[in-house]
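Residue numbers (full-length UniProt numbering), protein chains in the order written: chain A, 1 to 227; chain B, 1 to 227.
For every residue, glycine included, the Cβ atom is placed at its ideal position computed from N, Cα and C.
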DNA sequence: CATTATTGATAGCTTTACTATTATATTTGC
DNA sequence: GCAAATATAATAGTAAAGCTATCAATAATG
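What follows is the structure in C-alpha cells.
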C-alpha cells in the first residue's frame with residue numbers, strides 16, 4: 001500500500017496553472033517553496049518576489065506557471081483534496097461495517113497530519129496547516145463562479161460525495177448529507193484555528209492524548225444522522 | 001421594543017480604529033460606504049481610494065479613522081456580532097422553556113436577514129452578506145493573536161457564551177458547547193456561500209419557503225446535544 | 001474671537017502585481 | 001552533431017495599491 005501510494009500522482013485541474021508545475025524541476029520548486037513560504041509568513045505577506053528569492057529563481061519565471069498567488073493557493077488546496085481523497089479511498093476500501101466505514105472516513109477528513117512525506121516535493125504537514133488557515137481565502141471571492149464552471153472543485157466534491165454516500169448507506173433518509181460533510185470539513189479547519197488562536201470560541205482541550213476536534217465531529221456526525 | 005432598540009448603539013472595541021467612526025458625520029459615511037462598497041465589489045477589490053470617491057471624501061481622511069481596510073472589515077464584523085447579541089438577548093429574554101429558548105437562539109444566529117434598518121447608518125442586510133462572505137479574511141491571519149489580546153473578539157465570544165449556556169441548561173453534560181455554537185455560526189456563513197456559489201458542496205434547497213441552512217443547523221444542534 | 005480640531009487637496013514614496021525584452025542555457029528533432 | 005525550439009534568468013519598467021506628509025480651508029469650542 002505504502003509502496004503503491006508512493007507511485008501515485010495527485011492530479012490538479014489545469015485551469016489553475018499556465019504551465020503544469022509538476023512537469024518541471026522549477027515547477028516543483030515553486031510548489032514546495034510556496035508551501036514553505038505561506039506556512040512561514042501567511043498568504044497575505046506571500047509574494048512571487050519573495051518566493052523567487054526563496055527558490056533561487058525570478059518573479060517572471062514564476063509568472064509563467066501561475067497567473068497570480070491566488071491560483072497557487074487554490075492549486076495547493078485542490079492538491080490537498082486530491083491527496084485526502086486518495087487517503088480516504090484506501091481507508092474505506094473493503095471495510096464492510098457501515099459505521100466503522102463512516103468512522104474511518106470522518107477520521108481521515110478531520111485528522112491532524114503530523115508527518116506523512118509520501119510525496120517528496122510536498123510537505124504534507126505544512127500544506128495541511130496552510131490549507132486549514134488560508135484556503136477559504138482561495139475560494140471565497142468573486143471569481144469562484146468562474147472557477148467552479150471550469151471544474152476546479154471536482155477533487156473537493158469527490159471527497160464530499162464519498163463520505164456523503166456512506167452516510168446515506170447508514171441512514172438513507174437523512175436529508176442533508178453533503179451539508180453535514182462540508183460542515184465537518186470546513187468546521188475542522190476553523191476549530192483547529194480557534195484552538196490555537198481564539199480559544200474563547202471553542203471548547204477546551206480534554207486530555208493531551210486525544211484530539212478534541214476530531215472527537216467532537218465524530219460524535220456530532222453519528223448523533224446527527226441517527227434516525 | 002422596536003423603540004428601545006432604535007435607541008441603543010452597538011459598541012465596538014476601540015483597538016480597531018484610530019478615531020471612532022460613530023463620533024462624526026464622516027465616520028458614519030465611512031462605515032456605511034464601506035458596507036455598500038464591499039457588498040458591491042468584494043473585499044479584495046475594495047480600496048480606501050475607491051471608498052473616498054464613493055463618499056466624497058479623501059483617502060487621507062479615511063486613514064485618520066482606520067489604519068487599513070482589514071481593520072474596517074473587522075470593525076464591521078464586530079459590529080455585526082454586537083448587533084446579533086442584542087437581537088439574541090431580546091429573543092430569549094423571559095422565555096422559560098429551555099428547548100424553545102435554544103430554538104430561538106439558533107434561529108437568531110443562523111437567520112438570513114432580509115430587511116432590518118433599525119440603524120439608519122447601517123444596511124444590516126448588506127452587512128450580513130459582507131460578514132458571511134468576507135469576515136473570515138478579517139480574522140484568519142497572522143494578526144489575530146494581537147487582536148485577541150486586545151479584546152477585539154469580546155462581542156463574538158458573548159454570543160457564543162450565551163448560546164452555549166442554553167445548551168448546558170438542556171444538557172449539562174454535553175462536553176463541547178462552544179465548539180458546537182461556533183461551528184453552527186461559521187457553518188451558516190459557509191453554507192450560505194456554498195448554496196449560492198458551490199451547490200455541489202451542499203444539499204439542495206427543499207421547498208422555496210423554508211430556509212434549508214437554518215433547518216439543517218437546528219436539526220443538527222438538537223440531535224447533537226441530546227443524551 | 002482666538003485656538004484647536006477636522007477635513008480636503010495635493011504630492012509623494014514604497015511595495016505589490018504584473019508585462020516585456022533580451023540573453024543564456026538546455027532540450028529535442030533530425 | 002547541429003539547428004531549432006524551449007525554458008529560464010536577468011533586468012527593466014508600468015500601473016495600482018497602500019500608506020504618509022504637508023498645508024490650506026473650514027468648523028467647533030472655550
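Return the CA-CA distance between residue i and residue j, expressed in angstroms with no decimal places.
i                      : j                      : result
residue 14 of chain A  : residue 78 of chain A  : 11 Å
residue 132 of chain A : residue 23 of chain B  : 38 Å
residue 61 of chain B  : residue 175 of chain A : 52 Å
residue 18 of chain A  : residue 75 of chain A  : 12 Å
residue 156 of chain A : residue 163 of chain A : 11 Å
residue 154 of chain B : residue 195 of chain A : 16 Å
residue 142 of chain A : residue 179 of chain A : 22 Å
residue 56 of chain A  : residue 21 of chain A  : 16 Å
residue 121 of chain A : residue 109 of chain A : 22 Å
residue 223 of chain A : residue 63 of chain A  : 48 Å
residue 105 of chain B : residue 85 of chain A  : 36 Å
residue 114 of chain B : residue 190 of chain A : 27 Å
residue 144 of chain A : residue 197 of chain B : 7 Å
residue 69 of chain B  : residue 59 of chain B  : 11 Å
residue 186 of chain B : residue 117 of chain B : 24 Å
residue 83 of chain A  : residue 89 of chain A  : 10 Å
residue 11 of chain A  : residue 107 of chain A : 23 Å
residue 213 of chain A : residue 188 of chain A : 7 Å
residue 48 of chain B  : residue 30 of chain B  : 9 Å
residue 205 of chain B : residue 171 of chain A : 19 Å
residue 221 of chain A : residue 219 of chain B : 12 Å
residue 127 of chain B : residue 111 of chain A : 34 Å
residue 119 of chain B : residue 203 of chain A : 34 Å
residue 165 of chain A : residue 95 of chain A  : 14 Å
For the alpha helix (DSSP H) holding residue i, just list the boundary residues, first then last.
i                      : result
residue 194 of chain B : 177-197
residue 49 of chain B  : 48-54
residue 24 of chain B  : From DSSP, residue 24 of chain B is part of no alpha helix (DSSP H); its letter is neither H nor E.
residue 125 of chain A : 124-139
residue 224 of chain A : 212-225
residue 147 of chain A : 144-149
residue 154 of chain B : 154-170
residue 91 of chain A  : 69-92
residue 45 of chain A  : Segment: none, residue 45 of chain A is in no alpha helix (DSSP H) and carries neither H nor E.
Among the options, which has the Cα closest to the Cα of residue i?
i                      : options                       : result
residue 199 of chain A : B:177, B:220, B:203 and B:219 : B:177
residue 36 of chain B  : B:215, B:173, B:154 and B:123 : B:123
residue 161 of chain B : B:139, B:181 and B:150        : B:181
residue 226 of chain B : B:215, B:214, B:188 and B:173 : B:173
residue 80 of chain B  : B:130, B:184 and B:221        : B:130
residue 46 of chain A  : A:16, A:134 and A:187         : A:134
residue 169 of chain A : A:87, A:49, A:50 and A:97     : A:97
residue 201 of chain A : B:158, B:12 and B:107         : B:158
residue 258 of chain A : A:42, A:223, A:191 and A:112  : Nothing can be reported for residue 258 of chain A: it is not among the residues displayed for chain A, which extend from 1 to 227.
residue 67 of chain A  : A:16, A:88 and A:187          : A:16
residue 92 of chain B  : B:214, B:10, B:167 and B:58   : B:167
residue 217 of chain A : B:213, B:183 and B:29         : B:183
residue 125 of chain B : B:54, B:38 and B:152          : B:38
So with CB distances below 8 Å, who are the chain B contacts of residue i?
i                      : result
residue 144 of chain A : 197 and 198
residue 42 of chain A  : 141 and 142
Which term fits residue i, buried or exposed, when burial requires 16 or more other beta carbons within 10 angstroms of its beta carbon?
i                      : result
residue 137 of chain A : buried
residue 40 of chain B  : exposed
residue 33 of chain B  : buried
residue 139 of chain B : buried
residue 102 of chain B : buried
residue 210 of chain A : exposed
residue 8 of chain A   : exposed
residue 147 of chain B : buried
residue 192 of chain A : buried
residue 71 of chain B  : buried
residue 100 of chain B : exposed
residue 87 of chain B  : buried
residue 27 of chain B  : buried
List, in chain order, every chain A residue whose beta-carbon is nearer than 8 Å to that of residue i.
i                      : result
residue 133 of chain B : 140
residue 182 of chain B : 190, 191, 194, 201 and 202
residue 187 of chain B : 183, 186 and 187
Show which residues of chain B have a CB atom less than 7 Å away from the CB atom of residue i.
i                      : result
residue 148 of chain A : 197 and 198
residue 224 of chain A : 220, 223 and 224
residue 166 of chain A : What residue 166 of chain A touches in chain B: nothing, since even the nearest Cβ is about 15 Å away.
residue 157 of chain A : 200 and 201
Chain B partners of residue i, CB-CB under 9 Å?
i                      : result
residue 175 of chain A : 203, 206, 212, 215, 216 and 219
Can you name the residues of chain A whose CB is closer than 7 Å to the CB of residue i?
i                      : result
residue 160 of chain B : 201
residue 179 of chain B : 191, 202, 203 and 216
If the cut is a Cβ gap below 9 Å, which residues of chain A does residue i touch?
i                      : result
residue 136 of chain B : 136, 137, 140 and 190
residue 153 of chain B : 198, 200 and 201
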